[in-house]
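Colleague:
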Amino acid sequence: MTALIQLTGITKVLKGQEQPRTILDGVSLDVHPGESLAIVGRSGSGKSTLLSVLGLFDRPDQGTYLLSGTDISRLPERRAAKLRSSHFGFVFQRFFLLKHLTAAQNVAMALVNGQGWLPRRQRRARVMQALDEVGIAHLAKNRPARMSGGEQQRVAIARALVREPRILLADEPTGALDTETGTLVIDALQSVTARGCALILVTHDRDHAARMGRLLHLDAGVLTEQLVTS
Amino acid sequence: MMRLSGRARSALIIGLQGIRSRKTRTLLSMVSLFLGVLAVVVVQAGASIAERALLADMELFEGLDGTVVMDIGGTSPQLGPVVTTTVAGRSDAVAMTGMQAIIGEPGVRPVNEGGVPLDGSWGDPGPPMTCDETGCRELPAAEIQPKGQAIEVRLTALTGDVRKYRPYRPQSGEWLDFSTMPSLAPRLVLNKAAAVGFEQYQVPAEMRVTGASANMTPHFIGVVDDGDQQPRAYVRLDELSHWVPAARLIDPNMSEVRVLMTAGTPVEQVLSAKLRALGVEPMVRTVNSREDQEEQLALMRLVFLAMAGLVLLIGVAGILNVGLATVGERVEEFALRRAVGTPRTLLAGIVLAETLITGLLTAALAIGVSVLGMKALVTLAGGSQPFLQGMEFPWDAGVAGVIAGLIAGVLGGFVPAIRAAGIPIATVMRA
Ligand SMILES: Nc1ncnc2c1ncn2[C@@H]1O[C@H](COP(=O)(O)OP(=O)(O)OP(=O)(O)O)[C@@H](O)[C@H]1O
Ligand SMILES: [Mg+2]
Chain A
0 MTALIQLTGI
10 TKVLKGQEQP
20 RTILDGVSLD
30 VHPGESLAIV
40 GRSGSGKSTL
50 LSVLGLFDRP
60 DQGTYLLSGT
70 DISRLPERRA
80 AKLRSSHFGF
90 VFQRFFLLKH
100 LTAAQNVAMA
110 LVNGQGWLPR
120 RQRRARVMQA
130 LDEVGIAHLA
140 KNRPARMSGG
150 EQQRVAIARA
160 LVREPRILLA
170 DEPTGALDTE
180 TGTLVIDALQ
190 SVTARGCALI
200 LVTHDRDHAA
210 RMGRLLHLDA
220 GVLTEQLVTS
Chain B
0 MMRLSGRARS
10 ALIIGLQGIR
20 SRKTRTLLSM
30 VSLFLGVLAV
40 VVVQAGASIA
50 ERALLADMEL
60 FEGLDGTVVM
70 DIGGTSPQLG
80 PVVTTTVAGR
90 SDAVAMTGMQ
100 AIIGEPGVRP
110 VNEGGVPLDG
120 SWGDPGPPMT
130 CDETGCRELP
140 AAEIQPKGQA
150 IEVRLTALTG
160 DVRKYRPYRP
170 QSGEWLDFST
180 MPSLAPRLVL
190 NKAAAVGFEQ
200 YQVPAEMRVT
210 GASANMTPHF
220 IGVVDDGDQQ
230 PRAYVRLDEL
240 SHWVPAARLI
250 DPNMSEVRVL
260 MTAGTPVEQV
270 LSAKLRALGV
280 EPMVRTVNSR
290 EDQEEQLALM
300 RLVFLAMAGL
310 VLLIGVAGIL
320 NVGLATVGER
330 VEEFALRRAV
340 GTPRTLLAGI
350 VLAETLITGL
360 LTAALAIGVS
370 VLGMKALVTL
380 AGGSQPFLQG
390 MEFPWDAGVA
400 GVIAGLIAGV
410 LGGFVPAIRA
420 AGIPIATVMR
430 A
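Residue numbers (numbering that gives the first Met the number 0), protein chains in the order written: chain A, 0 to 229; chain B, 0 to 430.
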């Protein structure tokens, strides 16, 4: 069975300073559909950088990136945008909701992105389904200012899920939330693996990391996998 | 096709959401641009109006563009009859001849000797002169008549309706009617400068014309604006001919003789040939005021456009400033939109479209205000400035406004659009 994601020897070098710094140093990683991964590591170890390569925000300087067997290591931006739309969902530490839009409009934003077009009614149905999935369908008409942090983050998760991505990337999604709310958010995230979506979670929280199927350590750009014993 | 329309629809929604969430900003950039576009429209319209005003005055003196003007000088006594018989009854040529006439009390000197303007704007005319075939000399003191209730005018005798070539503006009463039987009492139409005189001085109506067989009683039937400062009166040549012998009527020695013709009329050829047979070489030219003025007008327009351009530039700077600030504020939004797969070209297009729409809306507003302003001007000042009457808003000013709005939109939106497209997606991870 081909891996959903196959990274081999991914290297990312930060240029533009006196001397180039290697942020990712020969990272190799296979991810299969429905898997959940936790990536942990010290601040500045390169976790967000790895996610930005995985999510096609950025391209690696060396190494190959296969997505369902297709080499996308040197993908032009136009096609990368299309793939981000069709294959990836993103959740960040800050929720990044647009404050002038309602929860439903914020979720719909991922559908109104110039990649294909859904008629209004279908769009609304998809949005409501995504909001329902994270348990906040009743807040559809609220603006971010009138929602709690946990609710806002779940709107952001709904936004990431509305196109039914193959891979969900989450960068410290509970960083701004209290423990209880954080657990709720992790629940919402983890539920996607049931339908074959891979979840890659960057977190500082040991407990949240422990709930993932695989645990990976990033240290100064070097990725190592800890075998989970259970 | 479907993909394109999907992109367009997305762009529309995103753009409208952007404008709606930043109404004040949009309004601000519109205000800064409004003045610039207004300046361009006003300058363009002003130049058109100025051109029109300039030409309107030139048309009164020179005749409408395309009019063929023949000036005739010479001593042959045949001249008058030849000119009048050639143009008689023709609709494509009018002969006009000027002579001195004094209207008023008999036996006195006119208050404006020499036919000078009655407002004294030409200064002191000097001692009274007398002229005959041998030349002009000062009148001996004994012969100087006392000044009295009389006004001297240049009397212009016409063989037909000259307004086809010189659009004299009616002020009051009527213009000469050339279709009726010539009256024995010559009917006169005064110009404004002469009418002023007859308002100031209540003169008994008697008209003395040099060479006339007798003094005649003129009928004033109307007043026109011929653009001339000098008092003038217009009369049908055939009515005057009852009193003035033909040889004196058109006497190039004593008067100016001019034939105005429609371009291409056979009169030009025929009359020239007849005059040459008399040994007179006519001077013929075609009125082309517009072209003569073009260079001068173009320069004027350029200077004002440069000034308007400067104002517009300030407007562009305003829209650019607001646009950059807006993009700065929207960095996270754009990074996020890129993260969810919105192509950067679409984002750049949306930013550009937002400023373009702002620019065009502003242009429409500025043009609307100018059109209304022009309407107000025409209604308020149209009475005293006849060339404004029936004046339409010059379409090239509208076009200039739209172009200015477009240019401002492109200039003001281009840099922010590029900025927007260049925002790295990773911004959302490091904020
Ligand atoms: N655009 C950038 N400009 C400057 N330095 C950068 C940039 N991107 C990454 N870095 C550097 O690369 C290193 C890795 O950054 P990264 O954000 O991936 O770390 P991280 O593991 O996510 O840290 P944290 O846990 O604090 O979020 C850091 O030392 C950071 O300073
Ligand atoms: Mg990070």
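Glycine included, every Cβ here is placed at the ideal spot set by N, Cα and C.
#1: Scan the segment 45-59 of chain B for residues whose Cβ lies nearer than 9 Å to a Cβ of chain A and list them as they occur along the chain.
#2: Just checking: is the beta-carbon of A338(B) within a distance shorter than 8 Å of some beta-carbon in chain A?
#3: In three-state DSSP terms, what is D56(B)?
#4: For S171(B), list the residues DSSP reports as bridge partners.
#5: Could you tell me whether the segment 417-430 of chain B touches the segment 47-65 of chain B, where touching means 3 or more Cβ pairs closer than 8 Å?
#6: My understanding is that V222(B) touches A194(B), with C-beta atoms under 8 Å, so please give their C-beta distance in whole angstroms.
#7: Under 8 Å between C-beta atoms, does N141(A) make it to chain B?
#8: Is H137(A) helix, strand or coil when you go by DSSP?
#9: With a threshold of 8 Å, are at least 3 pairs of Cβ atoms found where one atom belongs to the segment 204-212 of chain B and the other to the segment 236-247 of chain B?
#10: May I ask you to report which of helix, strand or coil DSSP gives T101(A)?
#11: Please state whether the Cβ-Cβ distance between A179(A) and H203(A) is less than 8 Å.
#12: Determine the DSSP secondary structure at P109(B), reduced to helix, strand or coil.
#13: Taking a Cβ distance cut-off of 8 Å, strictly less, list which residues of the segment 93-121 of chain A are near chain B, in chain order.
#14: Relative to the C-alpha of T96(B), which candidate in L248(B), V42(B), E112(B), E293(B) has its C-alpha closest?
#15: From D29(A), F87(A), R20(A), pick the residue whose C-alpha is nearest to that of L222(A); which is it?
#16: Excluding five sequence neighbours on each side, which residues of the same chain lie with their C-beta closer than 6 Å to the C-beta of M0(B)?
#17: Would you say M1(B) reaches chain A, if we count a Cβ-Cβ gap shorter than 8 Å as a contact?
#18: Per DSSP, which residues does H216(A) bridge with? Please list them.
#19: Answer with yes or no whether the minimum CB distance from L50(A) to chain B is below 8 Å.
#20: Quick check: what's the CA-CA separation for Q151(A) versus I185(A)?
#21: Out of curiosity, what's the CA-to-CA distance linking E132(A) and V90(A)?
#22: Just to make sure I have the definition right: I need the residues of chain A whose C-beta is within less than 7 Å of the C-beta of L335(B). Which are they?
#23: Against P170(A), what residues of chain B qualify as contacts under a CB-to-CB distance less than 8 Å, listed in chain order?
#24: Taking 8 Å as the cut-off, decide whether the C-beta atoms of V36(B) and A362(B) are in contact.
#25: Reducing DSSP to helix, strand and coil, say where M95(B) ends up.
#26: Could you list which residues in chain A have their beta carbon closer than 8 Å to that of I12(B), in chain order?
#27: Does the Cβ-Cβ distance between P393(B) and A44(B) come in under 8 Å?
#28: Comparing the C-beta of L355(B) with each C-beta of chain A, is any distance below 8 Å?
Modeller: Well, looking at it:
#1: none
#2: yes
#3: helix
#4: V222(B)
#5: no
#6: 4 Å
#7: no
#8: helix
#9: The segment 204-212 of chain B makes contact with the segment 236-247 of chain B, as at least three CB pairs between them are under 8 Å.
#10: coil
#11: Per the sequence shown, residue 179(A) should be read as Glu rather than Ala. No; because the gap between Cβ atoms is not below 8 Å, this pair is not in contact.
#12: coil
#13: R93, F95, L97, H99, L100, Q104, M108, A109, V111, N112, G113, Q114, G115, W116
#14: L248(B)
#15: D29(A)
#16: Confidence is the limiting factor: at M0(B) the pLDDT is only 45, short of 50, which leaves the residue's position unreliable, though a coordinate-based value still follows. There are no such residues.
#17: Confidence at M1(B) is low in this model, with a pLDDT of 48, below 50, so the placement of that residue is unreliable and no value is reported for it.
#18: V39(A), T223(A)
#19: For L50(A), a Cβ of chain B is located within less than 8 Å of the residue's own Cβ.
#20: 14 Å
#21: 15 Å
#22: F95
#23: One point to set straight first is that residue 170(A) is Asp, not Pro, in the sequence displayed. For a Cβ distance threshold of 8 Å, residue set M428 of chain B lies close to D170(A), ordered along the chain.
#24: yes
#25: strand
#26: V111
#27: The answer is yes: Cβ separation under 8 Å.
#28: No, its Cβ sits nowhere closer than 8 Å to a Cβ of chain A.
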